[in-house]
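**Q** Below you will find the structure I want to go over with you.
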Amino acid sequence: MSNLENPKNWRFTWEAQSHSPNLRLFLFDSQAKPSVQCRNLEVQLNLSHSHLLVSWLKEGEKEEVSLRVPVPRVLIDSEAPVSFRALDDHIEVKLVLLLPVDHPIVSSFDLMLDSSENGYNAPSLDAAKPLVMDTDLKSLSSMEGVHFYCRKCSTRLTKSPLRNFVEMPSIDWREVADNWFGGCCCSFGGISEKLVTRFANSYRCAKGVCLLNFTTILLFKDDLAAFKLYNGTHEYQPRPDFSSDSGLSEDMLSSQEGTNDLCEKLSSIHLNDNSVSTSALVTKEKASGNEFFSALPLSDFSETETSVRGCCVHTADHIQNHFDEGSQHSVPETCPVDQNTSQLLANQKLFLNGFLGNVFMAKSYNLSMDIDWMEFVCPNCLSLLGAYPFHNGAAPIDGGVRLFKCYVSTSSSAGGSGDLFRKYSLERMFTNQLVENAKDELSFRTLVRDFKTKSPLLQIVLLNPNSWCCSGYCLDTTSAAESILKLDLLPIIKVIFSDCHETSASQPRVHEDWITRNVADVVCMFARQVDELIQSLSSAKDILPPSYNFLQGLPLSSLQR
34 MSNLENPKNW RFTWEAQSHS PNLRLFLFDS QAKPSVQCRN LEVQLNLSHS HLLVSWLKEG
94 EKEEVSLRVP VPRVLIDSEA PVSFRALDDH IEVKLVLLLP VDHPIVSSFD LMLDSSENGY
154 NAPSLDAAKP LVMDTDLKSL SSMEGVHFYC RKCSTRLTKS PLRNFVEMPS IDWREVADNW
214 FGGCCCSFGG ISEKLVTRFA NSYRCAKGVC LLNFTTILLF KDDLAAFKLY NGTHEYQPRP
274 DFSSDSGLSE DMLSSQEGTN DLCEKLSSIH LNDNSVSTSA LVTKEKASGN EFFSALPLSD
334 FSETETSVRG CCVHTADHIQ NHFDEGSQHS VPETCPVDQN TSQLLANQKL FLNGFLGNVF
394 MAKSYNLSMD IDWMEFVCPN CLSLLGAYPF HNGAAPIDGG VRLFKCYVST SSSAGGSGDL
454 FRKYSLERMF TNQLVENAKD ELSFRTLVRD FKTKSPLLQI VLLNPNSWCC SGYCLDTTSA
514 AESILKLDLL PIIKVIFSDC HETSASQPRV HEDWITRNVA DVVCMFARQV DELIQSLSSA
574 KDILPPSYNF LQGLPLSSLQ R
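The opening residue of the sequence shown carries number 34 in our numbering; numbering runs sequentially from there.
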């Protein structure tokens with residue numbers, strides 16, 4: 034049997050666009066030239082068996098070649114004609130749909146079929162479900178206790194089952210509060226700052242509590258069965274009496290040199306808000322020959338006094354005496370205290386500044402030179418599981434470790450019915466973040482940099498965020514009708530990309546010019562994650578014929594949404 038006759042050499046790809054009642058089929062073989070070799074091309078639609086019969090006569094012969102192509106579950110207009118044509122590198126077939134693939138009626142119809150035929154845990158249904166954090170929160174909270182496992186080797190990561198699950202606070206609460214109540218300290222009695230402060234206080238890594246956001250789960254380090262810090266040169270095991278409430282490791286406070294340095298760091302932390310230009314006062318006190326820190330409590334200040342000079346209620350030349358266990362400290366006006374933030378811990382201020390936000394795909398402006406993000410790997414297989422923030426090789430700043438949902442599972446059988454994170458993958462999480470950034474930043478071009486070196490790794494341009502696709506290999510006509518696969522169209526995005534590894538190292542200016550010229554978004558990810566994404570992008574090119582592999586000189590590909 035020649036390559037032209039072997040159905041397994043012919044690949045099919047169904048593709049549809051949102052809000053468009055058309056379904057297009059690409060049928061191709063890398064060794065075939067349909068425009069020449071496929072004479073008397075015929076296409077017959079068999080809706081009762083959900084397949085398409087494609088046949089033609091071989092070049093120079095009267096022998097017929099037939100292929101069967103499974104048809105995905107869509108509402109096809111049986112009365113509309115089927116259009117097809119043979120091109121240089123593929124056969125194209127177009128079907129007319131009664132409703133677009135993303136129509137609510139079609140979605141409801143698919144849901145009923147999945148529940149009746151395959152059950153709610155069918156892989157196809159999971160892949161079509163949107164990634165919604167609220168669903169995860171409800172599912173986890175409804176369980177009696179949850180352990181987390183490495184998805185690759187099934188190693189248990191937690192010491193004991195977790196039962197307390199809380200939504201991670203959003204880092205844009207200050208902007209939202211200011212939009213509602215105004216940024217001035219006297220707007221609605223300074224309610225904006227009070228709300229933000231109260232909200233920041235909800236950000237606290239504590240033992241037994243799991244904080245969730247769209248891409249990560251945040252666990253306290255003592256909840257992990259095996260936790261070792263690695264900074265590239267040596268391992269550091271934090272002491273068991275590390276206090277998360279202070280946000281600082283005991284080793285950092287033990288040396289006077291480290292203490293002085295950290296005091297300067299903390300005193301320089303400012304809340305990025307136009308109406309608040311000062312930071313909370315951090316005082317040094319002598320105790321047993323060593324310096325330690327204390328923040329002035331809120332109760333020591335009048336509610337009518339504020340830290341912002343020029344405010345309508347500002348008290349000039351104010352000096353407040355602070356009493357702490359018999360010690361008196363003079364606080365001059367040149368080092369004012371913001372009464373709305375004076376009770377915030379250091380890690381909470383870093384959180385409000387956005388420095389402890391989404392580490393899965395961090396915006397460049399949410400990175401701080403004083404905070405390093407280190408990979409957290411599985412203690413057994415050393416695969417990447419997440420990351421944690423640290424300063425000068427110490428323990429996590431907030432005592433927490435972020436685990437990426439695409440690398441962990443809630444069951445020892447990863448991907449099984451008991452795994453609540455089975456629908457998460459690196460590809461889907463990246464795609465959803467890419468689309469979300471496009472909506473927020475109005476930028477469809479993104480440059481991905483390495484978290485550690487800040488060197489460019491990937492350029493990607495979003496072309497279409499609302500496509501649907503499925504692919505596979507054809508069947509011969511002798512196969513039983515029951516053996517035809519039941520296909521589902523899955524949501525994807527269409528992109529063009531450029532692997533920056535393939536460009537010369539002497540071209541950093543080219544990337545900077547590309548960012549400036551196209552107003553591109555800049556994000557940071559770990560290198561091994563980007564390498565995995567590039568592999569997915571490269572392999573996804575093969576689902577379309579060669580004539581659709583490039584656009585404007587760049588590879589054209591897709592990612593599952």
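By construction, the Cβ of each residue, glycine as well, lies at the ideal position given by its N, Cα and C atoms.
So, with DSSP's three-state summary, where would you put Pro579?
**A** Taking the first residue of the sequence shown as position 1, residue 579 is located at position 546. Reduced to three states, the DSSP call for Pro579 is helix.
**Q** Quick check on DSSP: helix, strand or coil for Phe463?
**A** As a working note, residue 463 is residue 430 in the sequence shown. Of the three classes helix, strand and coil, the one that applies to Phe463 here is helix, per DSSP.
**Q** So what does DSSP say about Cys186, is it helix, strand or coil?
**A** If you number the sequence shown from 1, residue 186 lands on position 153. Coil at Cys186, not helix or strand.
**Q** Since I believe Gln593 is in contact with Thr464 (beta carbons under 8 Å), could you give me their beta-carbon distance rounded to a whole number of angstroms?
**A** By one-based count along the sequence shown, residue 464 stands at place 431. By one-based count along the sequence shown, residue 593 stands at place 560. The Cβ separation is near 7 Å, so the contact holds.
**Q** Compare the beta carbon distance of Leu130 and Pro54 with 7 Å and say whether it is the shorter of the two.
**A** Along the sequence shown, read from residue 1 onward, the residue named residue 130 stands at position 97. Along the sequence shown, read from residue 1 onward, the residue named residue 54 stands at position 21. Taking 7 Å as the Cβ cut-off, Leu130 and Pro54 qualify as a contacting pair.
**Q** Just the Cα atoms here: how many angstroms apart are Met462 and His534?
**A** Position 429 of the sequence shown, counting from 1, holds the residue named residue 462. Position 501 of the sequence shown, counting from 1, holds the residue named residue 534. Their backbone Cα atoms lie some 23 Å apart in a straight line.
**Q** In whole angstroms, what separates the C-alpha of Ala471 from that of Val494?
**A** Here residue 471 refers to the residue found at position 438 when the sequence shown is read from its first residue. Here residue 494 refers to the residue found at position 461 when the sequence shown is read from its first residue. Taking the straight line from one Cα to the other gives about 10 Å.
**Q** Check whether the region 580-593 and the region 525-533 touch, using three or more Cβ-Cβ pairs below 8 Å as the test.
**A** yes
**Q** So, at 6 Å on beta carbons, what are the nonlocal neighbours of Leu100 in its own chain, with the 5 sequence-adjacent residues on each side left out?
**A** Residue 100 sits at position 67 when you count from the first residue of the sequence shown. Once the five neighbours on either side are set aside, the close Cβ partners of Leu100 are Pro40, Trp43, Val87, Cys507.
**Q** Could you give the DSSP three-state label for Ala573: helix, strand or coil?
**A** As a first step, residue 573 must be located in the sequence shown, where it is residue number 540. Note: Ala573 maps to helix in three-state DSSP.
**Q** For Asp169, which of Val139, Met201, Cys186 has the nearest alpha-carbon?
**A** Locating residue 169 in the sequence shown gives position 136, counting from the first residue. Comparing Cα positions, the closest option is Met201.
**Q** Once you ignore the five residues that flank Gly343 on each side, which residues in its own chain have a CB closer than 6 Å to its CB?
**A** Mapped onto the sequence shown, residue 343 falls at position 310. Its pLDDT being 44, under 50, Gly343 is placed unreliably in this model, and the coordinates cannot settle the point.
**Q** Sorted by chain position, which residues of the same chain lie with C-beta nearer than 7 Å to Asn582's C-beta, five sequence neighbours on each side aside?
**A** As a position in the sequence shown, residue 582 is number 549, starting the count at 1. Result list for Asn582: Lys574, Pro588, Leu589, in chain order.
**Q** Go to Asn499, then tell me how far its beta strand (DSSP E) extends in each direction, as first and last residue.
**A** Taking the first residue of the sequence shown as 1, we reach residue 499 at position 466. Run containing Asn499: 489-506, per the beta strand (DSSP E) assignment.
**Q** Closer than 6 Å by C-beta to Ser444: which residues in its own chain qualify, once you throw out the five before and the five after it? Chain order, please.
**A** In the sequence shown, the residue the question calls residue 444 occupies position 411. Excluding positions up to five away in sequence, the list reads Gly451, Asp452.
**Q** So Arg603 and Lys519 are supposed to be a Cβ contact under 8 Å. How far apart are they, rounded?
**A** Residue 603 lies beyond the stretch modelled for the chain, which goes from 34 to 594, so this question has no answer here.
**Q** Please name the residue, chosen from Phe117, Arg72, Leu190, that lies closest to Asn413 on a Cα-to-Cα basis.
**A** The residue labelled residue 413 in the question sits at position 380 within the sequence shown. For the residues Phe117, Arg72, Leu190, the minimum Cα distance to Asn413 belongs to Leu190.
**Q** For Lys527, which residues does DSSP report across the bridge?
**A** Within the sequence shown, numbered from 1, the residue matching residue 527 stands at position 494. According to the DSSP secondary-structure assignment, Lys527 is paired through a beta bridge with Asn497, Ser591.
**Q** Could you have a look at Thr249 and say whether DSSP puts it in helix, strand or coil?
**A** Locating residue 249 in the sequence shown gives position 216, counting from the first residue. The three-state reading of DSSP puts Thr249 in strand, counting E and B together.
**Q** Return helix, strand or coil for Lys298, following the three-state DSSP convention.
**A** What you label residue 298 is simply residue 265 of the sequence shown in a count that begins at 1. Here the model assigns Lys298 a pLDDT of 43, short of 50, so the residue's position is not dependable, and the following value carries that caveat. The answer is helix: DSSP assigns Lys298 an H, G or I state.
**Q** Just the C-alpha distance for Ala420 and Gly433, rounded to the nearest angstrom, thanks.
**A** Within the sequence shown, residue 420 is the residue found at index 387, counting from 1. Within the sequence shown, residue 433 is the residue found at index 400, counting from 1. C-alpha separation (whole angstroms): 9 Å.
**Q** Could you give the residue range of the beta strand (DSSP E) that holds Gln611?
**A** Any answer about residue 611 is impossible in this case: the structure gives the chain only from 34 up to 594.
**Q** Between which two residues does the beta strand (DSSP E) containing His84 stretch?
**A** Working through the sequence shown from its first residue, we reach residue 84 at position 51. Per DSSP, His84 is one residue of the beta strand (DSSP E) stretching across 84-90.
**Q** Classify Ile567: buried if its beta carbon has 16 or more other beta carbons within 10 angstroms, exposed otherwise.
**A** Within the sequence shown, residue 567 is the residue found at index 534, counting from 1. With 16 or more Cβ atoms within 10 Å of its Cβ, Ile567 is classed as buried.
**Q** Using the Cβ count rule (16 or more neighbours within 10 Å means buried), how would you classify Gly322?
**A** To locate residue 322, count along the sequence shown from 1; it is residue 289. Reliability fails at Gly322, whose pLDDT of 35 lies under 50, so the model's placement of it is uncertain and no value is given.
**Q** Return the Cβ separation of Val102 and Leu60 in integer angstroms, given the expectation that the two are a contact with Cβ distance under 8 Å.
**A** Residue mapping note: residue 102 aligns to position 69 of the sequence shown, counting from 1. Residue mapping note: residue 60 aligns to position 27 of the sequence shown, counting from 1. Val102 to Leu60, Cβ: 7 Å. Contact.
**Q** Does the distance from the C-beta atom of Ser569 to that of Glu408 stay below 7 Å?
**A** In the sequence shown, the residue the question calls residue 569 occupies position 536. In the sequence shown, the residue the question calls residue 408 occupies position 375. Cβ atoms of Ser569 and Glu408: not closer than 7 Å.
**Q** So Pro429 is in the alpha helix (DSSP H); what residue range does that whole segment cover?
**A** Here residue 429 refers to the residue found at position 396 when the sequence shown is read from its first residue. No alpha helix (DSSP H) contains Pro429, which DSSP labels as neither H nor E.
**Q** Considering only the alpha carbon of each residue, which of Leu58, Pro579, Pro194 lies closest to Asp255?
**A** If you number the sequence shown from 1, residue 255 lands on position 222. Asp255 has its Cα closest to that of Pro194, out of Leu58, Pro579, Pro194.
**Q** Please work out which residues of its chain come closer than 7 Å, Cβ to Cβ, to Ser111, disregarding the five sequence neighbours upstream and downstream, and give them in chain order.
**A** Residue mapping note: residue 111 aligns to position 78 of the sequence shown, counting from 1. The answer, listed in chain order, is Leu80.
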